[in-house]
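Working notes, beginning with the structure itself.
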Amino acid sequence: MNREEKTGPLLILGCPEVPVQQALALYCANRFGEQGQELRIAGNKAVLQLLRISDLKKIYARKMMDLDRCIEDLANGNLEPSLCIVFAHSDAGITYATTVRYLMKGRLIAVIFGREAEALGAMLEIPCEKIVEKAVHNPGQLRKKLDEVMGWAASKT
-12 MNREEKTGPL
-2 LILGCPEVPV
8 QQALALYCAN
18 RFGEQGQELR
28 IAGNKAVLQL
38 LRISDLKKIY
48 ARKMMDLDRC
58 IEDLANGNLE
68 PSLCIVFAHS
78 DAGITYATTV
88 RYLMKGRLIA
98 VIFGREAEAL
108 GAMLEIPCEK
118 IVEKAVHNPG
128 QLRKKLDEVM
138 GWAASKT
């Protein structure tokens, strides 16, 4: 793995039971691609399979890896992303965000969503940027908040 691959942006996805996550994962991959950066996406088998089927030609989601392997690579220094976005809609997602915070030095953004977003957001007590939105089926407001945090709102691309 070369230096650029090792330090490029990382997106960590949780269980795919909340629909907005997949749409926003592909959206993020597209936005990073427009900036000339290749996003690495980590998740469980189910969420990665959904992305593979949604993006058969790998136009957006080019680099995918198992979540456990991702955590292992972060722990042993094989991955050192300058930016990591963690999607969390359950306490497991909050746990992953906390784990990632202590395994990496770069910028961490926790995107907390779903029916219990506010309560989950209150559980996350680590230094990171938080985006909290009670989004389940409609990714619109969550996308707007992500655009603002990432600086994409002002971008013409």
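As numbered in the working numbering, residues -12 to 144 make up the sequence shown, in order.
Where is the CB? At the ideal position from N, CA and C, for every residue including glycine.
As the structure is a prediction and not an experimental result, all values here were calculated from the model.
Please state whether DSSP places Arg130 in a helix, a strand or coil. The residue you call residue 130 lines up with position 143 of the sequence shown. Arg130: helix per DSSP, three-state reduction.
Could you tell me if Glu120 is buried or exposed, where buried requires 16 or more neighbouring beta carbons within 10 angstroms of its beta carbon? Here residue 120 refers to the residue found at position 133 of the sequence shown. It is buried - the Cβ of Glu120 has at least 16 other Cβ atoms within 10 Å.
In whole angstroms, what is the alpha-carbon distance linking Ile113 and Pro126? Within the sequence shown, residue 113 is the residue found at index 126, counting from 1. Within the sequence shown, residue 126 is the residue found at index 139, counting from 1. CA-CA distance, Ile113 to Pro126, rounds to 25 Å.
Are Val7 and Leu129 touching if we call contact CB-CB under 9 Å? Translated into the one-based positions of the sequence shown, residue 7 becomes position 20. Translated into the one-based positions of the sequence shown, residue 129 becomes position 142. The answer is yes: Cβ separation under 9 Å.
How close, in whole Å, do the beta carbons of Arg88 and Cys115 come, if the pair is a contact with beta carbons under 8 Å? On the sequence shown, position 101 is the one that residue 88 refers to. On the sequence shown, position 128 is the one that residue 115 refers to. Yes, Arg88 and Cys115 are in contact; Cβ-Cβ is about 6 Å, under 8 Å.
Considering only DSSP beta bridges, list what Asp55 is partnered with. The sequence position of residue 55 within the sequence shown is 68, counting from 1. DSSP lists no partner for Asp55.
Could you please give the first and the last residue of the uninterrupted alpha helix (DSSP H) stretch that includes Leu11? One-based indexing of the sequence shown puts residue 11 at position 24. Its alpha helix (DSSP H) spans residues Val7 to Glu21.
State the CB to CB distance for the pair Ala75 and Leu107, rounded to an integer number of angstroms; the pair is presumed to be in contact (CB under 8 Å). Reading the sequence shown from its first residue, position 88 is the one you call residue 75. Reading the sequence shown from its first residue, position 120 is the one you call residue 107. Taking 8 Å as the upper bound for CB-CB distance, Ala75 and Leu107 are in contact here, some 6 Å apart.
Neighbourhood of Thr85 by C-beta distance below 6 Å, restricted to the same chain and skipping five residues each side: Against the sequence shown, residue 85 aligns to sequence position 98. Excluding residues within five positions, the ones whose Cβ falls inside 6 Å are Ile113.
Whole-angstrom C-beta distance between Ile72 and Val34, which should lie under 8 Å: Against the sequence shown, residue 34 aligns to sequence position 47. Against the sequence shown, residue 72 aligns to sequence position 85. Contact between Val34 and Ile72 does not hold, since the beta-carbon distance rounds to 14 Å and is not under 8 Å.
Do Leu13 and Asp42 have their C-beta atoms closer together than 9 Å? Here residue 13 is taken as the residue at index 26 of the sequence shown, counted from 1. Here residue 42 is taken as the residue at index 55 of the sequence shown, counted from 1. Yes; because the gap between Cβ atoms is below 9 Å, this pair is in contact.
Just the C-alpha distance for Gln22 and Met137, rounded to the nearest angstrom, thanks. Counting from one through the sequence shown, the residue named residue 22 turns up at place 35. Counting from one through the sequence shown, the residue named residue 137 turns up at place 150. When the Cα atoms are used, Gln22 and Met137 turn out to be separated by approximately 12 Å.
So, Gly1 versus Ala122, is the Cβ gap smaller than 9 Å? The residue you call residue 1 lines up with position 14 of the sequence shown. The residue you call residue 122 lines up with position 135 of the sequence shown. With a cutoff of 9 Å on beta-carbon distance, Gly1 and Ala122 are scored as not near each other.
Considering only residues of the same chain and omitting the five flanking positions on each side of Lys92, which have a CB-CB separation below 8 Å? Along the sequence shown, one-based indexing puts residue 92 at 105. For Lys92, where only same-chain residues beyond five positions count, the Cβ hits under 8 Å are Glu67.
State the beta-bridge partners of Val98 as determined by DSSP. In the sequence shown, residue 98 corresponds to position 111, counting from 1. Per DSSP, the beta bridge partners of Val98 are Phe74 and Ile118.
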